[in-house]
Amino acid sequence: MARVVKVFRTLRNHWKKSAFAVCVLSYGGHWLYGKHCDNILRREACLLARDFGRQLMAPQEQLRKATVILNPAACNGKANNLFEKNAAPILHLAGVEITLVKTDYEGQAKKLMELLEHTDMLIVAGGDGTMQEVITGLLRRPDQEKMSGIPIGFIPLGSTNSLSPSLHLLNDNKVKDITSATLSILRGVTVPLDVLQIKGEKDQPVFALMGLQWGAFRDAASKISKYWYLGPLKTYAAHWFSTLRVGIHSNITVIFLVSKNKANSEIKREIHAAPAPHVSLLQEWPLVRDISISHLAPTLRPPDQPFEKPPRPSLLYRIARRLKNYWNPPIEEPPKLEEPEQWKEEKLSTLELLVQTHNNNPVERRINDSLVIHAEPDNFSVADFITVGNAKTKDPIIFSKNSTILEASACRLQLPEGAGGFYNIDNEEYEAMPVEVRLLPRKLRFFISAERRAQFLSLTQGEKDIKNDNSTETT
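Using the numbering used here, read the sequence shown as starting at 442 and increasing by one per residue.
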């Protein structure tokens, strides 16, 4: 008892040191417990991967080959360590023959895609920038029609991974995200994703999976890191200071085109010249962009083709079919003439413009093939701008109720001379210039987790049930 009293007396006399020791021990214990939980997650994932590696193979069957494009600079230089500890052991235990390629500088992944040989799967280990470079280099190839059939896996190792919510169930644990994404690649469930082809007047096209953003919210979000010293208030501060600065007010012409041909076919068209832009260098809040939009209704989505090849017919059936085609050859139909497009022009004033795909729910069976154009209203107050801007940093797809929504298969954005600013293309910054954005529907196939796919299907079915209930009530 005397010893216990002595301990409490010592703690009371040295309460500052005691409090500091308790904080250090608590933090250390929490850190060790987190490391222990991470090791358990790695062990469970490796046990699941071992089951894939123990599957029997045919005598002449070869191992699956995977080319991994790893960006070691992602996640502030931690990507290489994260991949080696969490993803590489799973792939090795599953019996996948890996060819690991590490990038050394920005833009190298585009050049590496030019030298890529055919592989069973392509794995991108990095963030938004690495993914954009890979798909851009892949779709710039002369044989992109063939290479675009390679399934792609995405292991989220970057600071921003905007594609992850469309493919995987997100967790607060980084190790859980990486192991789950790697296991989804082994399971082999894929989903087609739309691609945006963004081309300037001179440069080669850039390809994106999520969208193009341009406006006041984008400009404010790019300055959030400057106010790091304000802690949780840095987002509010960046948007508030953006309302105090002088901006550029300009007239912009956006031309939308919906084609009835394939997305990657060449189509001759005439674009009417935009009116002379008006540029005012002394435009105060709100920073409004005036746009003129010409667009057509989206085209219907063609029926889905089966991904798996149908079984080969019997020999007798093939002989009979060839004889039939020889004695009674099919009549070739004359080529259909392209119908002229009928443009509908609208003029809008917007605070921000966003051109995006439907990849936020890739499982949904849509009627039309289209990209979505969101134009925010021009009547934002400072308080509304700060509130909506803070919400957009967490979910860029959030829009106000009064925003204008249009759908098209392609669009042209024409900027006036002297208009500055930057685009955000899949969270990568590009200088603003006149561009043409074209939709390539279901161009690439990505591995998706079965749990995320089931969740999307349940959400889609729930939305259909709600619509059916509303239609029943109205009737």
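Cβ coordinates follow ideal geometry from the N, Cα and C atoms, glycine included.
A residue is called buried once 16 or more other Cβ atoms fall within 10 Å of its Cβ, and residue 586, having fewer, is exposed.
Judged by DSSP in its simplified three-state form, residue 777 adopts coil rather than helix or strand.
Here the segment 871-886 makes contact with the segment 640-654; the two share three or more CB pairs at distances below 8 Å. Of the residues 576, 583, 601 and 603, the one whose Cα lies closest to the Cα of residue 592 is 576. Contact between residue 610 and residue 892 holds, since their C-beta atoms are separated by about 5 Å, short of 8 Å. For residue 786, the enclosing beta strand (DSSP E) begins and ends at 785-791. Contact between the segment 621-630 and the segment 530-538 is present: three or more C-beta pairs spanning the two stretches fall below 8 Å.
When C-beta atoms of the segment 658-668 are compared with those of the segment 824-835, three or more pairs fall below 8 Å, so the two segments count as touching. When DSSP reads this structure, residue 633 sits in a beta bridge with 886.
Pairwise C-beta distances place the segment 788-798 out of contact with the segment 762-771, as fewer than three of them are shorter than 8 Å. When the beta-carbon positions are compared, residue 511 and residue 567 come within less than 8 Å of each other. Take the alpha-carbon of residue 865 and the one of residue 615: they are about 25 Å apart.
Taking the Cα positions, residue 517 is about 60 Å away from residue 756. Approximately 17 Å separates the beta-carbon atoms of residue 571 and residue 529; this is outside 8 Å, ruling out the contact.
Bridge pairing for residue 879: 638 and 851 [DSSP]. With fewer than 16 other Cβ atoms from the protein chains shown falling within 10 Å of its own Cβ, residue 496 counts as exposed. For residue 652, the uninterrupted beta strand (DSSP E) run begins and ends at 652-656, by DSSP. The criterion of a C-beta distance shorter than 8 Å is satisfied by residue 838 and residue 801.
Within the DSSP bridge table, the entry for residue 871 names 864 as partners. Rounded to the nearest whole angstrom, the CA to CA distance from residue 545 to residue 552 is 12 Å. The C-beta distance from residue 676 to residue 901 rounds to 32 Å, too long to meet the 8 Å contact threshold. Annotated as distal: residue 637 and residue 524, with beta-carbon spacing of 8 Å or more. One Cα belongs to residue 685, the other to residue 780, and the distance between them is close to 50 Å. In the structure shown, the three-state DSSP call for residue 816 is strand. Under the three-state reduction of DSSP, residue 729 is assigned to coil, being neither helix nor strand. Contact annotation: the segment 475-492 does not touch the segment 555-569, with fewer than three C-beta pairs closer than 8 Å. Linking residue 462 to residue 456 through their CA atoms gives a straight-line distance of about 10 Å. Excluding sequence positions up to five before and after residue 669, its CB lies within less than 8 Å of the CB of 675, all in the same chain and listed in chain order. Per the DSSP secondary-structure output, residue 593 pairs in a beta bridge with 563 and 887.
Here the alpha carbon of residue 446 sits roughly 18 Å from the alpha carbon of residue 458. Distance from the Cα of residue 852 is smallest, within the candidate group 811, 823, 743 and 842, for 811. In the structure shown, residue 660 falls within a helical segment according to DSSP collapsed to helix, strand and coil.
In this chain, the alpha helix (DSSP H) harbouring residue 449 covers 443-454.
Taken atom to atom, the span from the alpha-carbon of residue 623 to that of residue 763 is near 46 Å. The bridge partners DSSP lists for residue 845 are 816.
Residue state for residue 479 is assigned as helix, using DSSP reduced to three classes.
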